[in-house]
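**Student:** The structure is given below, and queries will be raised subsequently.
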Amino acid sequence: MTEELTPAEAYAAARLRAAEQATALAAFRALYDFELDPFQVEACRALEDGKGVLVAAPTGSGKTIVGEFAVHLALEQGRKCFYTTPIKALSNQKYADLVKRYGPGKVGLLTGDNSVNSEAPVIVMTTEVLRNMLYAGSQSLRGLGYVVMDEVHYLSDRFRGAVWEEVIIHLPESVTLVSLSATVSNAEEFGDWLDTVRGDTEVIVSESRPVPLWQHVLAGRRIYDLFEEETDHGGRGSARREVNPDLVRLARMENSRPSYNGRDRRRGREADRERERRQRSRIWTPGRPEVIERLDAEGLLPAITFIFSRAGCEAAVQQCLYAGLRLNDEEGRARVREIVEERTASIPTEDLHVLGYYEWLEGLERGIAAHHAGMLPTFKEVVEELFVQGLVKAVFATETLALGINMPARSVVLEKLVKWNGEQHADITPGEYTQLTGRAGRRGIDVEGHAVVLWQRGMDPGHLAGLAGTRTYPLRSSFKPSYNMAVNLVDQFGRHRSRELLETSFAQFQADRSVVGISRQVQRNEEGLEGYREGMTCHLGDFEEYARLRRELKDRETELAKQGAAQRRVAAATSLERLKPGDVIHVPTGKFAGLALVLDPGLPAGRSNGHRGFEHVDGPRPLVLTAERQVKRLASIDFPVPVEPLERMRIPKSFNPRSPQSRRDLASALRTKAGHIAPERHRKQRSAAADDREIARLRTALRAHPCHGCSEREDHARWAERYHRLQRDTRQLERRIEGRTNTIARTFDRIVALLTEMDYLRGDEVTEHGKRLARLYGELDLLASECLRDGVWEGLNPAELAACVSALVYEARQADDAVAPKLPSGKAKAALGEMVRIWGRLDALEEEFRINQAEGVGQREPDLGFAWAAYQWASDKSLDEVLREAEMPAGDFVRWCKQVIDVLGQIAVAAPGEGSTVARNARKAVDALLRGVVAYSSVG
46 MTEELTPAEA YAAARLRAAE QATALAAFRA LYDFELDPFQ VEACRALEDG
96 KGVLVAAPTG SGKTIVGEFA VHLALEQGRK CFYTTPIKAL SNQKYADLVK
146 RYGPGKVGLL TGDNSVNSEA PVIVMTTEVL RNMLYAGSQS LRGLGYVVMD
196 EVHYLSDRFR GAVWEEVIIH LPESVTLVSL SATVSNAEEF GDWLDTVRGD
246 TEVIVSESRP VPLWQHVLAG RRIYDLFEEE TDHGGRGSAR REVNPDLVRL
296 ARMENSRPSY NGRDRRRGRE ADRERERRQR SRIWTPGRPE VIERLDAEGL
346 LPAITFIFSR AGCEAAVQQC LYAGLRLNDE EGRARVREIV EERTASIPTE
396 DLHVLGYYEW LEGLERGIAA HHAGMLPTFK EVVEELFVQG LVKAVFATET
446 LALGINMPAR SVVLEKLVKW NGEQHADITP GEYTQLTGRA GRRGIDVEGH
496 AVVLWQRGMD PGHLAGLAGT RTYPLRSSFK PSYNMAVNLV DQFGRHRSRE
546 LLETSFAQFQ ADRSVVGISR QVQRNEEGLE GYREGMTCHL GDFEEYARLR
596 RELKDRETEL AKQGAAQRRV AAATSLERLK PGDVIHVPTG KFAGLALVLD
646 PGLPAGRSNG HRGFEHVDGP RPLVLTAERQ VKRLASIDFP VPVEPLERMR
696 IPKSFNPRSP QSRRDLASAL RTKAGHIAPE RHRKQRSAAA DDREIARLRT
746 ALRAHPCHGC SEREDHARWA ERYHRLQRDT RQLERRIEGR TNTIARTFDR
796 IVALLTEMDY LRGDEVTEHG KRLARLYGEL DLLASECLRD GVWEGLNPAE
846 LAACVSALVY EARQADDAVA PKLPSGKAKA ALGEMVRIWG RLDALEEEFR
896 INQAEGVGQR EPDLGFAWAA YQWASDKSLD EVLREAEMPA GDFVRWCKQV
946 IDVLGQIAVA APGEGSTVAR NARKAVDALL RGVVAYSSVG
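Throughout, our numbering is defined as the position within the sequence shown, counted from one, plus 45.
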């Protein structure tokens, strides 16, 4: 029975309820037919109190609710809200969501290739668009009250992450920032930085998933739980998850092999095969159709299977179709066809075959699809729509799907725990595992989500448990100054203030924080050095000086010993090079020491002396016959001293080193010919140290030093050695501190120096060339500016200009230097050649100013691999012809075309006006490219 409130308490509670009802949050909550989670309420309250917020929560937990509350507040207060996302697909999705809630009149969209209602109070945009608006001082920023940065953890992205930091640093102080992130393990550190650069920022971290996730391994016909039931160990309330012992046994059984000795090899191999057969009856990696059927039988569809390869995704769909898999009934098939035909009605019929439309449609009708960056954007969007509606139940996707697209599933399947990272096959990280499996479990639909990893030979369940149980996904800044950034900053703030602004970046914040720990270690080391200094104090004199003399003597002796060893190796190698077939030698050391006949001198490449050559990079490796009838190839390690021939023998032409009889006969002749000859003993040479003047001087100085006669000399020397080692470590730490302090500002200084040299900057003044560079955004901003400056593109027609501009944006997925790309002839080819020459000049300048591409700063070489495709498409060639010659998926082709269009738009604005054809032709090139598959608007 609850206690009755006193009148005063009841009145106070009523006042509190009334106050809460009057808040914007109460009105906002009424818009939803579900209760908000505690973390959502906490974040919304902080926003209403005027604070910025950082919300870090798992995928699918509903953190975008907080972003939508910022939209609600902006509209209520008569201010603007910009909602930024990292990719256009997310912008399109969020735009559709907000239009549904607030109507098309209040919501606009700005991406690189779309502009809808751009003066609306709520605008959804990609982060790059907002960055460009900030630098341009756009009028649209007037009245801006809130900026939502969705997927803010993108600032870790190596290529685009800097844009997020630029926006955060340059937004006006009056703007409240809402940062939405996946669960990161250093949210507090990021929050501290936001607090420093944006003012009062509340950090709200939610670790709990809205739908519990169960982890499984599918091996053979059985789905195993990865973990045992959670148990309380020792009654202390600390639940620890143990790896399922059945899985551990499986791994042990698969990795074990029957042992057998050499005499029983056949029986051993048979036992091995039998064991393999028995194992395979229980353990195997199921095929893709088999996996989908198994999940369907267990009620675990819809599922996303992550395959880290586009070709793998397409192959998986084909395998399911060949296996006769059907996941939709007739009604579902009809609904799929209706939606697909409606969404693809604008695609010309002649293009459908080229795009693989009919094969794609067959898969969709059966409830199966692929999803990857090589697909046409329209096709990808249809897959997403059908999946959300439950009409596609099995999607095979690359990891790009894990980045923000709203496609939750009941189950997520991982085929392998290894992926290609651009350089090598590497294990996926705990952060990547969390991101991928975060899609499992649909809020409001599923009671639980399921992550299923397919059994692979050699799998370690413990390693998998580590991936599934670790929550380490640190946010690491990838911020680097660029040429465009430098001229824009200097134009707005001058050099000094720009430098200070860059010092406030998250990159420098993290570097400075890492320095704090190193500084503490330096302090501790210095205290230790003081103690060691006391330990080596000698009453007879300065022991530090005496220790330095001992160290110098030791270093000199070591140096001379190394020189002597090197000289001996050279002498030995030289003697081996002089050997000829038929020389009888004495091998001085090693396993085959003794008398030997040289069959082949084994000289390095290019130094063969007539017998069959044998290439080695580490000096001669003679092939010899020993007196014990063994034919062996020796190495330089067998000859620590020079070797001289003892005798000469003729090697019979009939000699066969593989014939035991041949070896026996020749070895017998060898023993008869030279068995009685005693090898010449190698006389040890006089040590170089004996005649070294520096060593003599140091020894004299040591003996003359007062501390040399101390009875405790060796004790002092031990303390001195410790002192020296710790001092060396301390100096290394100090160099690390120096390297991490002001790193961003130092890079900025080098960029400014280069731009000053090239007349883009004069002190705090931005020249005419600099103002042009300020309007060019992209990886090759300086190269584009130099091309405009030198008139490289003057006189080119629109198609030729499109070909040249493609070299500024395109990057081949895999470097292929073997085949030169096909290029348009005439003026375009000459202009592309001139672009490469200008890049070479810039590259040399960057080297001179120590601007390092490896650190993510500077201009990479232009890639001409898309020039022919861009030229063909802008010349009105058919999609079939262009894709066939480019050997490129339609999705990649569309994406590169849109990036070329984006840069052409920038060039149209930046190009000189009077007397120049570039601006006009850039606009014409945009129109020429923006047709057919490239022009299909992805905004419904």
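Every residue gets a Cβ at the ideal spot worked out from N, C-alpha and C, and that includes glycine.
Can you tell me whether Gln122 is buried or exposed, with buried defined as 16 or more other CB within 10 angstroms of its CB?
**Tutor:** Position 77 of the sequence shown, counting from 1, holds the residue named residue 122. It is exposed - the Cβ of Gln122 has fewer than 16 other Cβ atoms within 10 Å.
**Student:** Ordered along the chain, which non-local residues of its own chain (more than five positions away) have a Cβ less than 8 Å from that of Leu778?
**Tutor:** The count along the sequence shown starts at 1 and reaches residue 778 at position 733. Contacts found: Ile563, Gln566, Val567, Asn570.
**Student:** With DSSP run on the structure shown, which of helix, strand or coil describes Asn137?
**Tutor:** On the sequence shown, residue 137 is found 92 positions in, with the first residue counted as 1. Asn137: helix per DSSP, three-state reduction.
**Student:** Between which two residues does the beta strand (DSSP E) carrying Lys125 extend?
**Tutor:** Residue numbering aside, residue 125 sits at position 80 when the sequence shown is read from its first letter. Lys125 -> beta strand (DSSP E) spans 125-130.
**Student:** Can you give me the C-alpha to C-alpha distance between Glu824 and Tyr855, rounded to a whole angstrom?
**Tutor:** Along the sequence shown, read from residue 1 onward, the residue named residue 824 stands at position 779. Along the sequence shown, read from residue 1 onward, the residue named residue 855 stands at position 810. Those two C-alpha atoms are separated by around 10 Å.
**Student:** According to DSSP, is Trp884 helix, strand or coil?
**Tutor:** Translated into the one-based positions of the sequence shown, residue 884 becomes position 839. Helix, per DSSP.
**Student:** Among Met504, Tyr402, Glu359, which residue has its Cα nearest to the Cα of Ala439?
**Tutor:** The count along the sequence shown starts at 1 and reaches residue 439 at position 394. Selected option, being the one with the closest Cα: Glu359.
**Student:** With Lys677 as the anchor, note down where its beta strand (DSSP E) starts and where it stops.
**Tutor:** Taking the first residue of the sequence shown as position 1, residue 677 is located at position 632. Here the beta strand (DSSP E) through Lys677 covers 676-678.
**Student:** Compute the Euclidean distance between the alpha carbons of Gly647 and Gln675, then round it to the nearest angstrom.
**Tutor:** For the purposes of this step, residue 647 is identified with residue 602 of the sequence shown, where counting begins at 1. For the purposes of this step, residue 675 is identified with residue 630 of the sequence shown, where counting begins at 1. Using only the alpha carbons, I get a separation of about 17 Å.
**Student:** Can you tell me whether DSSP reads Cys832 as helix, strand or coil?
**Tutor:** As a first step, residue 832 is located in the sequence shown; it is residue number 787 there, counting from the start. Correct three-state label for Cys832: helix.
**Student:** Would you decide whether Gly244 is buried or exposed? Buried here means 16 or more other CB atoms lie within 10 Å of its CB.
**Tutor:** Here residue 244 refers to the residue found at position 199 of the sequence shown. Per the 10 Å Cβ criterion, exposed.
**Student:** Who are the near neighbours of Ala847 in its chain, counting only those whose CB is closer than 8 Å to its CB and skipping five residues on each side?
**Tutor:** Residue numbering aside, residue 847 sits at position 802 when the sequence shown is read from its first letter. Counting only Cβ-Cβ distances below 8 Å, and skipping sequence neighbours, we find Ala915, Tyr916, Trp918, Ala919, Val945, Leu949, Ala970, Ala973, Leu974.
**Student:** Using the Cβ count rule (16 or more neighbours within 10 Å means buried), how would you classify Thr389?
**Tutor:** As a working note, residue 389 is residue 344 in the sequence shown. Under this definition Thr389 is a buried residue.
**Student:** Can you say whether His398 is buried or exposed, counting buried as having 16 or more other CB atoms within 10 angstroms of its CB?
**Tutor:** Locating residue 398 in the sequence shown gives position 353, counting from the first residue. His398 is exposed by the Cβ-count criterion.
**Student:** Taking 8 Å as the cut-off, does the stretch 802-812 touch the stretch 532-546 (at least 3 CB pairs, one atom from each stretch)?
**Tutor:** Yes, since at least three Cβ pairs between the stretch 532-546 and the stretch 802-812 fall closer than 8 Å, the two stretches touch.
**Student:** Identify which residue in Phe524, Pro290, Arg578 has its Cα closest to the Cα of Ala510.
**Tutor:** Locating residue 510 in the sequence shown gives position 465, where the first residue counts as 1. The option with the nearest alpha carbon to Ala510 is Pro290.
**Student:** Over what stretch of residues does the alpha helix (DSSP H) that includes Gln944 continue unbroken?
**Tutor:** Here residue 944 refers to the residue found at position 899 when the sequence shown is read from its first residue. Run containing Gln944: 935-955, per the alpha helix (DSSP H) assignment.
**Student:** Less than 8 Å between C-beta atoms, sequence neighbours within five positions excluded: which residues of the same chain meet that for Val939?
**Tutor:** Numbered from its first residue, the sequence shown carries residue 939 at position 894. Hits under 8 Å: Leu421, Pro422, Val978, Val979.
**Student:** Which same chain residues end up closer than 7 Å to His215 when comparing Cβ atoms and leaving out the 5 residues on each side of it in sequence?
**Tutor:** The count along the sequence shown starts at 1 and reaches residue 215 at position 170. Within the same chain, His215 has close Cβ partners Leu179.
**Student:** Relative to the alpha-carbon of Leu828, which residue among His416, Thr109, Ala852, Glu383 has its alpha-carbon at the smallest distance?
**Tutor:** On the sequence shown, residue 828 is found 783 positions in, with the first residue counted as 1. Of the listed residues, the one whose Cα sits closest to Leu828 is Ala852.
**Student:** Report the rounded CA-to-CA distance for Arg558 versus Arg929, giving the unit in angstroms.
**Tutor:** Here residue 558 refers to the residue found at position 513 when the sequence shown is read from its first residue. Here residue 929 refers to the residue found at position 884 when the sequence shown is read from its first residue. Straight-line Cα distance between these residues: approximately 53 Å.
**Student:** Quick one: residues in its chain with C-beta nearer than 6 Å to the C-beta of Ala414, no 5 flanking neighbours on either side, listed in chain order?
**Tutor:** What you label residue 414 is simply residue 369 of the sequence shown in a count that begins at 1. These residues qualify, in order along the chain: Gly408, Val428, Val437, Val440.
**Student:** Using the Cα positions of Asp600 and Arg758, report the straight-line distance between them to the nearest angstrom.
**Tutor:** Position 555 of the sequence shown holds residue 600. Position 713 of the sequence shown holds residue 758. For Asp600 and Arg758, the distance between alpha carbons rounds to 20 Å.
**Student:** Hey, Pro166 and Lys145 are a contact pair by Cβ (cut 8 Å); roughly how many whole angstroms apart?
**Tutor:** The sequence position of residue 166 within the sequence shown is 121, counting from 1. The sequence position of residue 145 within the sequence shown is 100, counting from 1. Not really, about 16 Å apart at Cβ, beyond 8 Å.
**Student:** Output the boundary residues of the beta strand (DSSP E) element that contains Phe84.
**Tutor:** As a position in the sequence shown, residue 84 is number 39, starting the count at 1. Taken as a continuous stretch (DSSP letters only), Phe84 belongs to no beta strand (DSSP E), being part of the alpha helix (DSSP H) at 83-93.
**Student:** Measure from the alpha carbon of Gly664 to the alpha carbon of each residue in Ser681, Glu673, Leu574, Gly635, then state which is nearest.
**Tutor:** One-based indexing of the sequence shown puts residue 664 at position 619. Comparing Cα positions, the closest option is Ser681.
**Student:** Quick one, which of Ile883, Arg895, Leu887, Gly840 has its alpha-carbon nearest Gly871's?
**Tutor:** The residue labelled residue 871 in the question sits at position 826 within the sequence shown. Comparing Cα positions, the closest option is Gly840.
**Student:** My output table needs one value for Asn533: the three-state DSSP class, helix, strand or coil.
**Tutor:** Residue 533 sits at position 488 when you count from the first residue of the sequence shown. Three-state result, Asn533: helix.
**Student:** Output yes or no for whether 8 Å exceeds the beta carbon distance between Leu877 and Ala912.
**Tutor:** Sequence index remark: in the sequence shown, residue 877 carries index 832 (1-based). Sequence index remark: in the sequence shown, residue 912 carries index 867 (1-based). Yes. Within cutoff.
**Student:** So is Glu113 buried or exposed if we call it buried at 16+ other beta carbons inside 10 Å?
**Tutor:** Locating residue 113 in the sequence shown gives position 68, where the first residue counts as 1. That one is buried.
**Student:** Alpha carbons only, please: which of Ala956, Gly958, Val174, Val927 is nearest the one belonging to Asp1028?
**Tutor:** Limits of the chain in this structure are 46 at one end and 985 at the other, which puts residue 1028 out of reach.
**Student:** Measure the C-alpha to C-alpha separation of Arg203 and Ser523 and round it to an integer number of angstroms.
**Tutor:** For this step, residue 203 is matched to residue 158 along the sequence shown. For this step, residue 523 is matched to residue 478 along the sequence shown. Their Cα atoms are separated by approximately 6 Å.
**Student:** Just mark Lys625 as buried or exposed, buried being the case when its beta carbon has 16 or more other beta carbons within 10 Å.
**Tutor:** Taking the first residue of the sequence shown as position 1, residue 625 is located at position 580. It is exposed - the Cβ of Lys625 has fewer than 16 other Cβ atoms within 10 Å.
**Student:** Please list the terminal residues of the continuous beta strand (DSSP E) segment that includes Leu494.
**Tutor:** Translated into positions along the sequence shown, residue 494 becomes position 449. Just to set this straight, residue 494 is Gly in the shown sequence, not Leu. That run of the beta strand (DSSP E) goes 494-499.
**Student:** In whole angstroms, give me the CA-to-CA distance for Arg478 and Ala232.
**Tutor:** Along the sequence shown, one-based indexing puts residue 478 at 433. Along the sequence shown, one-based indexing puts residue 232 at 187. In the sequence on display, residue 478 carries Tyr and not Arg. So the two alpha carbons sit approximately 19 Å from each other.
**Student:** Considering only C-alpha positions, which residue in the set Leu547, Leu239, Asn159 is nearest to Val1011?
**Tutor:** In the structure as shown, the chain begins at 46 and stops at 985. Residue 1011 is therefore absent and cannot be evaluated.
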